[in-house]
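Numbering (the working numbering), first residue to last: 15 to 305. Everything on this sheet refers to the single structure shown next.
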């Protein structure tokens, strides 16, 4: 994350709260606001199965990419849904030259941003969102992006945070066209059910693209032991698995990139963001910020 593409503004926390999920309020004064200068940014409608449309937040550079096309990054929301933090991350990626798009993957089940507490959110929305539905809706997002002449889906990566970190691993095993993934503190092992039949650790030999995993040593929900378990499984896997990289930040817990929350660790977040951009570049999804 380059300092020159991020603007901090002296808003009050009340002003910052606009667009954030109710379950994350109050918003921290450290919240980063990225402007949309030199970008086209806003909501679009993505056709999905059954004749419905799914909202998605898209941020695209106004300057020309390679051959007029920009590499694509799919952005997968946190458990809190498609709220302002995820939109801001799309703008940050677009500032680095990416065509960034974040679909509202809960749209069939409800608006997560309007739910005031996490237990209700999990019970009424998140638990009902099946992995099969998410994979299909991400496929629909890719199909939508392919119709935009500014996007180059031959150079495509995925990143996700919290709930979305787990989805990064699953979609990397699902879509053979991906070049790279970056999973931020997404669950690796755990209980399964009919709607969520596999954990990332079950898919190490099905990965189509190498994943960079970014985790916090102080994360109570994703213990280091589970990261070590995943690392051992990847080491025994095929090429895409063995090319994966897991990083553990000793001074961080869950959500260390979430600048709107007390969990934010600005030092580790900056390092991890740079690692993600370099990972994408290494695996054929280069970033080209505006001069």
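For every residue, glycine included, the Cβ atom is placed at its ideal position computed from N, Cα and C.
- An exposed status is given to residue 57, since fewer than 16 other beta-carbon atoms sit within 10 Å of its beta-carbon.
- Annotated three-state conformation of residue 117 is strand, per DSSP.
- In the DSSP annotation of this structure, the continuous segment of the beta strand (DSSP E) that includes residue 166 starts and ends at 165-175.
- According to the DSSP secondary-structure assignment, residue 230 is paired through a beta bridge with 263.
- For the beta strand (DSSP E) assignment, the uninterrupted runs of no fewer than 3 residues enclosed by the segment 176-212 are, from N- to C-terminal side, 194-198.
- Around the C-beta of residue 266, 16 or more other C-beta atoms lie within 10 Å, and the residue is accordingly described as buried.
- Annotated as distal: residue 268 and residue 185, with beta-carbon spacing of 8 Å or more.
- Residue state for residue 47 is assigned as strand, using DSSP reduced to three classes.
- Restricted to the segment 127-164, not a single beta strand (DSSP E) segment is unbroken, complete and at least 3 residues in length.
- Between residue 131 and residue 35, the alpha-carbon positions lie close to 10 Å from each other.
- If you ignore the 5 residues before and after residue 291, its C-beta comes within less than 7 Å of the C-beta of 110, 301, all in its own chain and listed in chain order.
- If you look at residue 254, you'll find it in the alpha helix (DSSP H) that goes 253-256.
- Within 10 angstroms of the beta-carbon of residue 155 lie 16 or more other beta-carbons, which makes it buried.
- In this structure the segment 243-255 does not lie against the segment 268-282, because fewer than three pairs of beta carbons, one per stretch, are closer than 8 Å.
- For residue 86, there is no enclosing alpha helix (DSSP H); the residue is part of the beta strand (DSSP E) that begins and ends at 84-90.
- Residue 73 sits away from residue 32, with the two beta carbons spaced by 8 Å or more.
- A residue is called buried once 16 or more other Cβ atoms fall within 10 Å of its Cβ, and residue 108 is buried on that count.
- The continuous beta strand (DSSP E) containing residue 75 extends over residues 67-75.
- The alpha-carbon separation between residue 149 and residue 287 amounts to approximately 25 Å.
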